[in-house]
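J.: The listed protein sequences derive, respectively, from chains A and W.
Residue numbers for the first sequence follow the numbering used here, so the first one is 1 and each next one is one higher.
Residue numbers for the second sequence follow the numbering used here, so the first one is 1001 and each next one is one higher.
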Amino acid sequence: MLKIKNLESGYGGLKVLKKVTMHIGAGEIVTIIGANGAGKTTLLRTVSGLIPARSGEILFDMKEIGTLPPERIVFLGCSLVPEGRQVFGPMTVKENILLGAYPQYRRKRGDQVRDDLERIYGIFPRLKERERQLAGTLSGGEQQMLAIARALMARPKLIMMDEPSMGLAPLIIKDIFSIVTRLREEGSTVLLVEQNAKAALGIADRGYVLETGRIIMEGTAEDLLSNREVQRAYLGRDLDAEGTM
Amino acid sequence: MYWEPGRECMDREELEQLQLERLQSTLNRVYAHVPFYRKKFDALGVSPEEIGSLSDLARLPFTTKEDVRGNYPYGLFAVPLREVVRIHASSGTSETSSVVGYTRNDIAMWSKLVARVLVAGGVTKDDVVQVSFRYGLFTGGFGLHYGAERLGASVIPASSGNTARQIQIMKDFKTTALVSTPSYAMLVADTIREMGIPVSALSLKYGLFGGEPWSEKMRKEIQDALGIVATDNYGLSEVIGPGVSGECLERNGLHINEDHFLVEVIDPKTLQPVPPGGTGELVITTLTKEAFPMVRYRTRDLTSLQAGDCPCGRTGRRMSRLTGRTDEMLIIRGMKVSPAKIESLLFEIEGQEPNYRIVIDRKGAMDEVTILVEAAGDTPFGEERRHVGRTVETIRKRLTHELGVTVDVKLVGRKDLEPVDGKMKRVTDLRKL
């Protein structure tokens, strides 16, 4: 579904991504794990068209999207749930969700929006309860759900999530991740960027480890979870320090 | 039957994307963690960041057996030793051998690849697999053992040697698949005959052979003598051990596990790629190994990559069975003599796969070459004697003529040519040079 080859991008004089090559097959949950500053967010922003690629290819559904503006990329079916939710606080929950339906109107499928809204309320009953509430008054977890709901309104084939667990309590993180799993069951493909490597690898099929802008490992989630370097650096575990049983 | 259809029958374009991803991440890791590679890359002025396609591989330096030995024992490991759960070493007749390591993930991946090879060769979880490779530092025994166990077969770790006992086990335990070197399979076939056990008393169905070069003739002999389907598989410890490639039941070349190994075939002299389909030295880059990654390892094995799809549905390209080694040239009285040439001549003369050993010694200042050849058929007595004399003379004349070096030929029994450590030793050099 998404195929990236030798992607390089950055900000000003700073090259963040160095020859990043990766792919996501339809129906997969793929996670990118890495420390702060590794380039995870830059990668998602580049794929979304928010910052330009300096070189390399980004193929979405066999189509080069590296030079397209963000709204075209969303229109083609690739949506981003940005880091820090970015919901519009002074607007109601429902208004926030409906903003995400913009591409559906562009596709002249405005008639489907009502059904989509009902479907999404089915996934997030909490948002239905609070549809008239201002988004700014929601809890962190609810705001995250709102951000995901808004992205889903565009009916994306690929949904990219940037640190959905950030700043949330463990129980809420569990909720959010079970929603990600559910999205896949309903046919979505998910690219999940996370610092919470353990949770991300727990639901992902495959993963990539990004370190200072380079991919240093690719593998199944299972392989990455049992890689000791990953354990030490990203899972906060040191088996040797823990001692043997 | 496949073990991992999603990988073994992968679309070529998807495979190449995966190979590039894995190549780049392997290079990033070796550059960061193995000083040997960093120095070599820097000396050539090439950094992992410049590798943007599979063909860019050609810009990277080769790694040779000497490099591996020169970094004895752990110099090429890419992870700290505490992450290594297994250590193997190449069977070294040489001064120092190649020492290789595996992380837990490496072992899991290796087992999976060997399981693929076993399944391709007809083995299922219902089989009783007798592993008659030597267990120990050599990768053959443990490699096949873990793969067969991963597959879910019942594994008998028979190891090598004590052939009569092995046959007893084979008979009593109802072994259905034999895993060994091809020469050991020949020995088993002979011993069964000597012991007067009919093949029908055994349950053997499949044989998976590797660890040394063999031929179609030998395959036919083994298949006929043991009543099995015999397939060839290939691997070497510097790269991983068995599991690099293996034949499917079509028996038309060895499918390479290309999602884990990137292969090139080069001219060993010019170091340039040979034309498609041409014979040359096999060069392998590992794509997923953690503890002991290899970049462009020169295997010294000669092979070619075959064109065309295989009816079995696997998309991994096939390599032809090994046609020789790049490094095995004997210098006899200043003349270069290739053991492979001797083998092919013997084959021509005898009309069957020869069992032989080349013994070189120096008397005074002269190199003397004696070729021990196993006598075909029954022991040469009475009537046969004159015929045998003629055979020896024919071989002697022919070899002397073709090689340009005078050779002596002796007929011997099979027992005189027993495999050493399960491997057929073809050359014994007694010269003290």
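Heads up, the beta-carbon is just placed ideally off N, CA and C, and yes, glycines get one too.
Taking Cβ-Cβ distances shorter than 8 angstroms, what residues in chain A pair up with Leu1020/W?
T.: Result: Lys5, Thr21.
J.: Locate the alpha helix (DSSP H) running through Ala1177/W, then write down its first and last residues.
T.: Where Ala1177/W is concerned, there is no enclosing alpha helix (DSSP H), although the beta strand (DSSP E) it sits in stretches over 1177 to 1180.
J.: Mind pulling the chain W residues with CB within less than 7 angstroms of Asp223/A?
T.: Asn1105
J.: Using a 10 Å radius around the Cβ and a threshold of 16 neighbouring Cβ atoms, would you call Gln1168/W buried or exposed?
T.: exposed
J.: Who are the near neighbours of Val87/A in its chain, counting only those whose CB is closer than 8 angstroms to its CB and skipping five residues on each side?
T.: When the five nearest sequence neighbours on each side are left out, the beta carbons in the same chain lying within less than 8 angstroms of the beta carbon of Val87/A are those of Asn96, Ala135, Gly136, Leu138, Gln143, Leu146, Ala147, Arg150, in order along the chain.
J.: Among the residues of its own chain, which have a CB less than 7 angstroms from the CB of Pro1182/W, if the five just before and after it don't count?
T.: Phe1209, Glu1212, Trp1214, Met1218, Ile1222
J.: Do Leu1060/W and Val1295/W come within 8 angstroms of each other at the CB atom, strictly closer than that value?
T.: Taking 8 angstroms as the Cβ cut-off, Val1295/W and Leu1060/W qualify as a contacting pair.
J.: Evaluate contact between the region 67 to 84 of chain A and the region 109 to 127 of chain A, counting only Cβ atoms and requiring at least three cross-stretch pairs below 8 angstroms.
T.: no
J.: Determine, for Thr244/A, whether the minimum Cβ-Cβ distance to residues of chain W falls below 8 angstroms.
T.: Unreliable placement is indicated for Thr244/A, whose pLDDT of 45 sits below 50; the coordinate value is still reported in the next sentence. No - not a single Cβ of chain W is within 8 angstroms of the one on Thr244/A.
J.: When the Cβ atoms of the region 1311 to 1327 of chain W are set against those of the region 1253 to 1262 of chain W, are three or more pairs found closer than 8 angstroms?
T.: Touching, yes.
J.: Where do the N-terminal and C-terminal ends of the alpha helix (DSSP H) with Tyr1146/W fall, by residue?
T.: 1139 to 1151
J.: Just the chain W side, please: which residues come within less than 7 angstroms of Glu218/A by C-beta, in chain order?
T.: Glu1021, Arg1022, Ser1025
J.: Can you tell me whether Gly1277/W is buried or exposed, with buried defined as 16 or more other CB within 10 angstroms of its CB?
T.: exposed
J.: Is the separation between the beta-carbon of Gly1280/W and that of Asp1267/W shorter than 8 angstroms?
T.: yes
J.: With 8 angstroms set as the bound, which would you pick, yes or no: does the beta-carbon of Ile215/A sit closer than that to a beta-carbon of chain W?
T.: yes
J.: Classify Val1427/W: buried if its beta carbon has 16 or more other beta carbons within 10 angstroms, exposed otherwise.
T.: exposed
J.: Taking buried to mean at least 16 other C-beta atoms within 10 Å of its own C-beta, is Ala1058/W buried or exposed?
T.: exposed
J.: Compute the distance between the beta-carbons of Lys66/A and Ala53/A, then report whether it is under 8 angstroms.
T.: Note that residue 66/A is Gly in the sequence shown here, rather than Lys. Pairing Gly66/A with Ala53/A gives a Cβ-Cβ distance under 8 angstroms.
J.: How big is the Cα-Cα spacing for Pro1380/W and Ala1307/W?
T.: Caution applies to Pro1380/W, whose pLDDT of 45 falls short of 50 and renders its modelled position unreliable; the value that the coordinates give is listed next. Each residue's alpha carbon lies about 46 angstroms from the other.
J.: For Ser1094/W, which residues of its own chain have a beta-carbon under 6 angstroms away from its beta-carbon, when the five flanking residues on both sides are left out?
T.: Model confidence at Ser1094/W stands at a pLDDT of 46, short of 50, so the residue's coordinates are unreliable and nothing is read from them.
J.: Between which residues of its own chain and Arg85/A is the CB-CB distance below 6 angstroms, once the five residues before and five after are set aside?
T.: Gln143, Gln144, Ala147
J.: If you count every other CB in all the chains shown that lies within 10 Å of the CB of Arg1165/W, and 16 or more means buried, which is it?
T.: Sixteen is the threshold: since fewer than 16 other Cβ atoms of the shown chains lie within 10 Å of the Cβ of Arg1165/W, the residue is exposed.
J.: Are any of the Cβ atoms in chain A nearer than 8 angstroms to that of Asn1028/W?
T.: yes
J.: Taking 7 angstroms as the limit between beta carbons, can you name the residues of its chain near Leu7/A, skipping five residues before and five after?
T.: The residues are Leu17, Val20, Thr46, Ala53, Gly56, Ile58.
J.: Among the candidates Lys3/A, Thr212/A, Ile159/A, Thr220/A, whose CA atom is the shortest distance from the CA of Glu64/A?
T.: Lys3/A
J.: Within 8 angstroms, do at least three Cβ pairs link the region 173 to 184 of chain A to the region 207 to 219 of chain A?
T.: no
J.: Residues of chain A with CB under 7 angstroms from Glu1049/W, in chain order?
T.: Lys18, Lys19
J.: According to DSSP, Ser254/A sits in a beta bridge with which residue or residues?
T.: No information on residue 254/A is available, as it lies outside the stretch 1 to 245 that chain A covers here.
J.: Quick check: the Cα distance between Asp1378/W and Asp1190/W, rounded to an integer number of angstroms?
T.: Residue confidence is low: Asp1378/W scores 49 on pLDDT, short of 50, so the model does not pin down where it sits. Its coordinate-derived value is still stated next. Each residue's Cα considered, the two are about 12 angstroms apart.
J.: Cα separation between Glu1350/W and Ala1185/W?
T.: 20 angstroms
J.: Bridge partners of Ala1089/W, per DSSP?
T.: Val1099/W
J.: Quick check on the burial criterion: 16 or more other C-beta atoms within 10 angstroms. Buried or exposed for Asn227/A?
T.: buried
J.: Going along chain A in order, which residues have a C-beta closer than 7 angstroms to the C-beta of Glu1083/W?
T.: Result: Arg228.
J.: Beta-carbon separation of Thr1176/W and Ser1203/W under 8 angstroms?
T.: yes
J.: Which residues in chain A have a C-beta closer than 8 angstroms to the C-beta of Glu1258/W? List them in chain order.
T.: Going along chain A, no residue has its Cβ under 8 angstroms from Glu1258/W, so there is no contact; the nearest lies around 15 angstroms.
J.: Helix, strand or coil for His1260/W per DSSP?
T.: coil
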